[in-house]
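*Asks:*
In UniProt numbering, the protein residues as written are 1 to 147.
1. In its own chain, which residues sit with a C-beta less than 8 Å from the C-beta of residue 32, not counting the 5 before and 5 after it?
2. Would you give the residue range spanned by the beta strand (DSSP E) that residue 104 belongs to?
3. Could you check which residue in 70, 18, 12 has the C-alpha nearest to that of residue 4?
4. For the beta strand (DSSP E) that contains residue 110, what are its first and last residues?
5. Taking only three categories from DSSP, how would you classify residue 99?
6. What residues match up with residue 58 in a beta bridge as DSSP calls it?
7. Decide if residue 111 is buried, meaning its Cβ has at least 16 other Cβ atoms within 10 Å, or exposed.
8. How far does the beta strand (DSSP E) with residue 91 in it extend, from its first residue to its last?
9. Pop quiz: residue 78 and residue 63 are said to be a contact at Cβ under 8 Å. What is the actual Cβ separation, rounded to whole angstroms?
10. Quick test of your reading: residue 18 and residue 65, contact by CB under 8 Å. State the CB separation rounded to the nearest angstrom.
11. Once DSSP output is grouped into helix, strand and coil, what is the label at residue 16?
12. State the DSSP-derived secondary structure class of residue 27, mapped to helix, strand or coil.
13. Cα separation between residue 108 and residue 87?
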């Protein structure tokens, strides 16, 4: 049985893009955010290190989703932005937010994010805060997140 379809690039874009979308599978994405205790440059200390704690760093043992590793076309389509919203996968949990250093690919529509024992407050910079100062999404539960 053949394991490749050499005519795939000749299919119409609508069919190829739909095939890429159908390759998406739900995953459990392990995300750990911790303070980095290694030496950092003075520029980083001056800009982000306002206490004795090191800057926050994201880590994940979850591999990059397979469709994003398949080819440039798949990665481009599955990480595109349409009408101001990510269609499928986005780079998330970079520290400081929006930095182009470390990030984790997440599809918030189908993936489950496992934060382990990471304090939820470390994620506040990614989701904003509600009117009561707690991370967005906790105000409707009426609870305060313990430190």
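Where a beta carbon is used, it is the ideal one built from N, C-alpha and C, also for glycine. Remember, it's a predicted structure, so these values are computed and weren't measured experimentally.
*Replies:* Considering the structure as presented:
1. Reading the chain shown from its first residue, position 32 is the one you call residue 32. Cβ-Cβ distances below 8 Å link residue 32 to 58, 59, 60, 115, 116, 118 in the same chain, with the five nearest sequence neighbours on each side left out; the list follows chain order.
2. Taking the chain shown and counting its residues from 1, the one referred to as residue 104 is at position 104. 104-106 is the span of the beta strand (DSSP E), which, as asked, contains residue 104.
3. The residue labelled residue 4 in the question sits at position 4 within the chain shown. Selected option, being the one with the closest Cα: 70.
4. As a first step, residue 110 is located in the chain shown; it is residue number 110 there, counting from the start. Residue 110: not part of any beta strand (DSSP E); DSSP gives it neither H nor E.
5. As a working note, residue 99 is residue 99 in the chain shown. With a pLDDT of 46 at residue 99, under the threshold of 50, the modelled position of that residue is not reliable, and the figure given next carries that caveat. Correct three-state label for residue 99: coil.
6. If you number the chain shown from 1, residue 58 lands on position 58. Answer by DSSP bridge pairing, in chain order: 33.
7. By one-based count along the chain shown, residue 111 stands at place 111. The residue is buried, with at least 16 neighbouring Cβ atoms inside 10 Å.
8. Indexing the chain shown from 1 puts residue 91 at position 91. Start and end: 90-92.
9. For the purposes of this step, residue 78 is taken as residue 78 along the chain shown, with counting starting at 1. For the purposes of this step, residue 63 is taken as residue 63 along the chain shown, with counting starting at 1. Contact doesn't hold; Cβ gap of about 15 Å is too wide.
10. Your numbering for residue 18 matches position 18 in the chain shown. Your numbering for residue 65 matches position 65 in the chain shown. Not really, about 17 Å apart at Cβ, beyond 8 Å.
11. Residue mapping note: residue 16 aligns to position 16 of the chain shown, counting from 1. In this structure, residue 16 counts as helix in the three-state DSSP scheme.
12. Reading the chain shown from its first residue, position 27 is the one you call residue 27. Residue state for residue 27 is assigned as coil, using DSSP reduced to three classes.
13. For this step, residue 108 is matched to residue 108 along the chain shown. For this step, residue 87 is matched to residue 87 along the chain shown. Within the model, the alpha-carbon separation for residue 108 versus residue 87 is close to 10 Å.
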